[in-house]
Each structure stands twice: as structure tokens, then as C-alpha cells.
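Colleague: Please read through the structure below; I'll follow up with questions.
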Amino acid sequence: MTDERDQQLLALFAAADRSIADNGFSQRVVQAIRRRSDRAIAIRVAVAVAVVVLELMLESPLQTSLGWVTDVLSMPLLSVQSEWMAYLSAPINSVAGVLGILLLGLGLIYRRIH
Amino acid sequence: MNEHLQHYRQGPEGLVVRLAMRGDRDAFAELVRRRQSWVRNLMRRLCRHEADADDLSQRVFLKAWRNIKSIQQPEKFQGWLKRLAVNTWIDEQRKQQRRWSETLDEASVAAATSDASVQMDLDKALAELPPAVRACVVLSYHVRLSHRDIAEATGLPLGTVKSHTQRGAARLRELMIGYGEDQ
């Protein structure tokens with residue numbers, strides 16, 4: 136059995152492919168898109184306000200955490216004596232550098248596969 | 002009508018798609034206007050109820066808006082939308098946990114033809130077929146997917162897809178007797 140189709144039935148499907156009048160369908164789709172977009176903006180604003188309020192109320196937990204993450208990411212993996220060498224090698228001689236290279240590698244592998 | 006909307010109406014589809022990919026809602030509305038008939042026709046053939054079909058069609062376009070930036074070739078928007086429509090319908094079937102019988106239910110197909118002499122339009126005739134058979138016939142004849150693609154999309158075994166399509170088409174021909182002669 137192959138993918139061959141009954142020609143009569145194919146013609147019937149083509150003939151029955153009537154044009155459906157829009158009757159406001161496109162408008163409803165656009166309105167639904169607008170509603171979703173408005174809702175997404177409202178959620179983002181609410182989250183931002185909540186973050187600011189929490190920062191003010193709880194002695195900046197987010198700022199403290201971000202400072203901690205920055206410290207960890209910039210931590211050198213190997214100690215370099217010379218100051219200018221330390222600056223020069225910082226992009227790769229740090230936790231952030233290794234993570235960046237790892238992510239780049241994973242991205243390349245993903246692109247190869249897909 | 003605004004002048005730019007007039008331009009969209011006359012513009013080539015590839016260009017309108019590119020504008021929609023940049024977030025232009027008017028351009029996307031034009032794409033919906035151009036393609037709504039095909040998508041709604043497909044959904045009406047797959048679903049039994051018009052209202053359900055239109056709900057699903059709307060969902061297809063909402064998904065299209067969300068994912069439009071992922072289109073690789075804007076000129077092939079129609080094919081992309083076709084796949085999206087079929088996947089949306091299949092996802093809906095999975096959500097409803099519809100378990101399609103893998104064997105063709107001869108009794109239910111035969112029982113559906115109690116008044117075969119009456120002229121029926123294609124949508125009504127399709128509605129008489131069991132869901133899995135209808136799906137295979139519509140995906141094969143309306144969307145023109147290959148048996149292999151239908152099997153992949155629906156999760157039905159290839160042999161089942163072939164037999165559903167062939168026997169569904171045969172039943173459809175019986176149901177539609179007289180239709181072609183009067184056209």
C-alpha cells in the first residue's frame with residue numbers, strides 16, 4: 136500500500152474547500168493577542184514592584200545575593216602573581232569564564248545535533 | 002482603512018510575515034485574515050463542532066503569534082502554519098486523553114451509513130467517521146501529509162494509519178455517492 140490517494144476524493148476535498156467568511160474572526164484573534172500582551176505587562180510590573188518592595192522591607196536581600204554571585208563568578212581559578220596578567224587572564228581564569236566556555240560548547244553541540 | 006493596512010493587503014506574504022516577525026500586529030492580523038479560512042476549514046473537518054473548531058483555530062493563531070520569530074523561511078509561512086495547526090489539534094486530543102482505537106471499528110463505520118442515499122456535504126460525511134479514521138483521512142486528503150508523517154504526528158502505527166486512510170476513504174466515497182454527479 137502506498138501514499139497514493141483516491142483522485143476523486145482529492146477533487147472532492149478541493150471542491151469542498153469553501154472560503155469561510157471572516158465574520159470578525161481575525162479581530163477576535165488580534166484582541167486576544169492584545170489581552171495576553173496587556174496581562175504579561177501587568178504581571179511584569181507587579182513582579183518588579185514586589186521585588187522593589189521586598190528590597191526595601193528586607194534589607195536588600197536581592198542586592199546582597201547579587202553581590203555574592205558576582206564575587207563567586209569573578210573568583211580566579213588559578214592564582215596569578217603579576218597584576219596585569221591577572222587582569223588579562225580574568226575572562227578565562229574565573230568561574231564565570233569557565234561557565235561561559237561551557238555554555239558556548241553546549242550551544243555548539245546543540246546546533247550540530249539540530 | 003489606513004493606508005498601511007491597504008499596503009499589507011496587497012503585499013507579498015513573505016514581506017508581511019517579516020513585518021509580523023518584528024512584532025507588527027497589523028501585519029499579523031493580515032496573515033490571520035489571509036489564512037483563517039484554510040485553518041478553520043481544517044479544524045471543522047477534524048472536529049465535529051464548529052464552535053470547537055473555531056476555538057482551536059484561534060489557538061493556532063495565538064501560538065503562531067507567540068512563535069512567529071522562530072520561522073526560518075518567511076516565504077514558507079503556509080507550510081509552517083499547516084504544521085502548527087496539525088500539532089495544535091493533536092495536542093488537544095492528547096490533553097483530552099483521547100484514546101484512539103487502533104483497530105478500525107467496522108460496526109461504528111457501517112452504522113454511520115444508515116441514510117447514505119441522502120446527499121451529504123463532505124464535512125457531514127466526515128463527522129460520521131470515527132475520530133481516528135477521520136483524522137487519518139483529513140490529514141491525508143486535506144493537509145496532504147504522507148502516511149509516515151501522519152503516523153509520526155498521531156502516534157498511531159504506520160499500518161493502522163494506512164488502513165484507516167484507505168478504508169476511511171472508501172467509506173467516505175460511499176457516503177458521498179451522488180454528490181459528485183449533482184455538482
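Taken in sequence, the protein lines are chains A and B. In this text, residue positions in the first sequence follow this note's numbering: the first is 136, and each later residue adds one. In this text, residue positions in the second sequence follow this note's numbering: the first is 2, and each later residue adds one. The beta carbon of each residue, even a glycine, is placed where N, CA and C say it ideally should be. Computed from a predicted model, the values in this text were never measured in an experiment.
#1: Hey, out of 44(B), 5(B) and 17(B), whose CA is closest to residue 74(B)'s CA?
#2: Under a Cβ-count criterion, where at least 16 other Cβ atoms within 10 Å of its own Cβ denotes burial, should residue 176(A) be classed as buried or exposed?
#3: Can you check whether the C-beta of residue 136(A) is within less than 7 Å of a C-beta belonging to chain B?
#4: Below 8 Å on the Cβ atoms is my guess for residue 44(B) versus residue 30(B); work out the distance and round it to an integer in Å.
#5: Using a Cβ-Cβ cutoff of 7 Å, what residues of the segment 7–38 of chain B are near chain A? List them in chain order.
#6: Beta-carbon of residue 155(A) versus every beta-carbon of chain B: anything under 7 Å?
#7: Taking a Cβ distance cut-off of 9 Å, strictly less, list which residues of the segment 225–238 of chain A are near chain B, in chain order.
#8: For residue 241(A) and residue 149(A), what's the separation of their Cα atoms in angstroms?
#9: Under 7 Å between C-beta atoms, does residue 88(B) make it to chain A?
#10: Below 8 Å, how does it come out for the segment 80–87 of chain B and the segment 52–72 of chain B: are there three or more Cβ pairs, yes or no?
#11: Between the segment 153–170 of chain B and the segment 163–181 of chain A, are three or more C-beta pairs nearer than 8 Å?
#12: Between the beta-carbon of residue 148(B) and the beta-carbon of residue 139(B), is there less than 7 Å?
Modeller: The answer reads as follows:
#1: In terms of CA proximity to residue 74(B), 17(B) leads the group 44(B), 5(B) and 17(B).
#2: With fewer than 16 other Cβ atoms within 10 Å, it is exposed.
#3: Only weak support is given to the placement of residue 136(A): the predicted model assigns it a pLDDT of 47, under 50, and the question is left unresolved by the model.
#4: About 19 Å separates the beta carbon of residue 44(B) from that of residue 30(B), a gap too long to meet the 8 Å contact definition.
#5: If the cut-off is 7 Å between Cβ atoms, the segment 7–38 of chain B has 26, 30, 33, 34, 37 and 38 near chain A.
#6: At a cut-off of 7 Å between C-beta atoms, residue 155(A) counts as an interface residue with respect to chain B.
#7: Taking 9 Å as the Cβ-Cβ cut-off against chain B, none of the residues of the segment 225–238 of chain A qualify.
#8: Each residue's Cα considered, the two are about 47 Å apart.
#9: It does not; no Cβ of chain A falls within 7 Å.
#10: Two segments are said to touch when three or more pairs of C-beta atoms, one from each, lie closer than 8 Å; by this definition the segment 80–87 of chain B touches the segment 52–72 of chain B.
#11: Segments in contact, no.
#12: Taking 7 Å as the Cβ cut-off, residue 148(B) and residue 139(B) do not qualify as a contacting pair.
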